[in-house]
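Peer 1:
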Amino acid sequence: MLEAGSRPSTSAPASRAPVDRYARWTGLAVGVSAALWLPPLNNGEGTLYAILAFGLCAVAGVLLGDALTAPRRGVVRTAGLTPRRVRDYVPPRMTLLLVGLAAALVVLLTAAAAVASPDDLGRAGRALTVACGGVTHAYTPWPGLYYGLPVLASLALSTAACGWSLRRIATRPGDEQSRRDRTLAIVAAWGLVVSSSLFGVASTVSGALMNTTCDGVAGIVGNWTVWPLGLLALITAPWCLFTIVSPRATAWKGRRAGTGEDSHR
């Protein structure tokens, strides 16, 4: 989409209008309520679903706030000649980190599903079974397909929704700073789903591996793999949450950030 180049006007309203702020806080509040309600379900195994619900509600709040808030406009100056692209507005380093965490989440769930087995009630994909000294031990919960499929579904849903929203923000009318602010908020909302899901899955895998003493070298390697991933996700999640609450992109460095002019002419 082509745009008319613009310089933000001093009288333009802030990009985070009250309705936007209220929608984001409502999404977080609903997510917290769901996260508190779900863990006791299914004999205390609803914790992973609670993490997913919180992340998805946060995404829904950000998307709703963006949909209800009109874009801020600047003073029209000259016609733009270059279509705006999503990658011109996303924070490159953080986006790369989040994409890497999402890839690690998919790989971890795939590996967990490959070694998962039925639990003591015969329900598939819910346990890790280890044979030790002629005795078979089953450890649950384990993020096999029973738990992994909802995680992958939430990741796919949030990715599609946030990708559509990023495209919408990049192509609609508005000023550059507002686009960066809103793009940063969308990326942070998606990152909250990715990082919280990865932390939940990594914690579940580590908990099962640490409960068994006969998993050998594979268990040691597995733990030393998921611990850094869980720690990185635990560090990333608060950043994403803070960005959703206060989504100003003042520290974002673009090719012409700070010049006050449209950087895509």
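By the numbering used here, the letter at position 119 of the sequence shown is numbered 1249, and the numbering carries on one by one without gaps. Backbone N, C-alpha and C fix where the C-beta goes; we use that ideal spot for every residue, glycine too. For clarity, every value in this text was computed on a predicted model and none was experimentally measured.
What are the start and end residues of the alpha helix (DSSP H) that includes Val1162?
Peer 2: Counted from its first residue, the sequence shown places residue 1162 at position 32. Val1162 -> alpha helix (DSSP H) spans Pro1148 to Trp1167.
Peer 1: Check this for me: beta carbons of Val1335 and Gly1349, under 8 Å apart or not?
Peer 2: Looking up residue 1335 in the sequence shown gives position 205. Looking up residue 1349 in the sequence shown gives position 219. Their beta carbons are not under 8 Å apart, which means Val1335 does not touch Gly1349 by this criterion.
Peer 1: Between which two residues does the alpha helix (DSSP H) containing Val1216 stretch?
Peer 2: The residue labelled residue 1216 in the question sits at position 86 within the sequence shown. From DSSP, Val1216 is part of no alpha helix (DSSP H); its letter is neither H nor E.
Peer 1: In terms of residue numbering, what span does the alpha helix (DSSP H) encompassing Ala1319 cover?
Peer 2: Residue 1319 sits at position 189 when you count from the first residue of the sequence shown. Segment Glu1306 to Met1340, the alpha helix (DSSP H) holding Ala1319.
Peer 1: Which of the three DSSP states, helix, strand or coil, is assigned to Ser1288?
Peer 2: The sequence position of residue 1288 within the sequence shown is 158, counting from 1. If DSSP states are grouped into helix, strand and coil, Ser1288 belongs with the helices.
Peer 1: Since Val1189 is in the alpha helix (DSSP H), which residue starts that stretch and which ends it?
Peer 2: Your numbering for residue 1189 matches position 59 in the sequence shown. It spans Thr1177 to Leu1198 - the alpha helix (DSSP H) in which Val1189 sits, taken as one unbroken run.
Peer 1: In whole angstroms, what is the alpha-carbon distance linking Leu1228 and Gly1321?
Peer 2: Indexing the sequence shown from 1 puts residue 1228 at position 98. Indexing the sequence shown from 1 puts residue 1321 at position 191. For Leu1228 and Gly1321, the distance between alpha carbons rounds to 6 Å.
Peer 1: Pick out whichever of Arg1217, Gly1274, Thr1199 and Ala1286 has its Cα sitting closest to the Cα of Ala1232.
Peer 2: Here residue 1232 refers to the residue found at position 102 of the sequence shown. With distances taken between Cα atoms, Ala1232 lies closest to Ala1286.
Peer 1: Pull the bridge partners of Val1265 from the DSSP assignment, please.
Peer 2: Counting from one through the sequence shown, the residue named residue 1265 turns up at place 135. DSSP output for Val1265 lists Cys1262 as bridge partner(s).
Peer 1: Shortest alpha-carbon distance to Val1324 belongs to which of Ile1374, Val1281 and Ala1164?
Peer 2: Against the sequence shown, residue 1324 aligns to sequence position 194. Minimum Cα distance to Val1324 is reached at Val1281.
Peer 1: Could you have a look at Val1375 and say whether DSSP puts it in helix, strand or coil?
Peer 2: Within the sequence shown, residue 1375 is the residue found at index 245, counting from 1. In this structure, Val1375 counts as helix in the three-state DSSP scheme.
Peer 1: Mind checking Arg1256: buried by the 16 CB within 10 Å criterion, or exposed?
Peer 2: Your numbering for residue 1256 matches position 126 in the sequence shown. Of the other Cβ atoms in all chains shown, 16 or more fall within 10 Å of the Cβ of Arg1256; this residue is therefore buried.
Peer 1: Could you tell me which residues DSSP pairs with Ser1295 in its beta bridges?
Peer 2: Start at 1 with the first residue of the sequence shown, and residue 1295 comes out as number 165. Paired residue(s): none; Ser1295 is not in a bridge.
Peer 1: Within 10 Å of its beta-carbon, does Arg1214 have 16 or more other beta-carbons around it, so buried, or fewer, so exposed?
Peer 2: Translated into the one-based positions of the sequence shown, residue 1214 becomes position 84. Buried: at least 16 other Cβ atoms inside 10 Å.
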